[in-house]
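Colleague:
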Amino acid sequence: MAGAVRKTTGLVGLAVAENPHEETDVQKLQDKLNGGQIEEVIVQAENELSLARKMLQWKPWEPLVEEPPTDQWRWPI
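Numbering (the numbering used here), first residue to last: 1028 to 1104.
1. Using three-state DSSP, classify Leu-1083 as helix, strand or coil.
2. How about Val-1053 and Ile-1069: are their beta carbons less than 8 angstroms apart?
3. Near Pro-1090, what residues of its chain come up, given a Cβ to Cβ distance below 7 angstroms and the 5 sequence neighbours on each side ignored?
4. Helix, strand or coil for Leu-1091 per DSSP?
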């Protein structure tokens, strides 16, 4: 699934489980995820969902409304 998401959107992130409700023991789930406490994993997933929704609004894949200044990325100015 992650490969399909990466190929179609270019996004990489939290892998999606094929059977999300398979593990009922929280400690075993935390050990499998190796991502900290389950609460931290939930917060991370919520943050990624929030970002995905914002990206839909921002539409970063579309062309810019106007061309950026030529010296926009020069430093020091």
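We put the CB at the ideal spot given by N, CA and C, even for glycine.
Only a predicted model underlies this, so the values are computations on that prediction, with no experimental measurement involved.
Modeller: From the atom records:
1. Residue 1083 sits at position 56 when you count from the first residue of the sequence shown. DSSP places Leu-1083 in helix when its eight states are reduced to three.
2. As a first step, residue 1053 must be located in the sequence shown, where it is residue number 26. As a first step, residue 1069 must be located in the sequence shown, where it is residue number 42. Cβ distance not < 8 angstroms, so Val-1053 and Ile-1069 don't count as in contact.
3. Sequence index remark: in the sequence shown, residue 1090 carries index 63 (1-based). If we look at Pro-1090 and ignore the five residues flanking it on each side, it has no Cβ neighbours.
4. The residue labelled residue 1091 in the question sits at position 64 within the sequence shown. In this structure, DSSP gives Leu-1091 a state outside helix and strand, which the three-state scheme calls coil.
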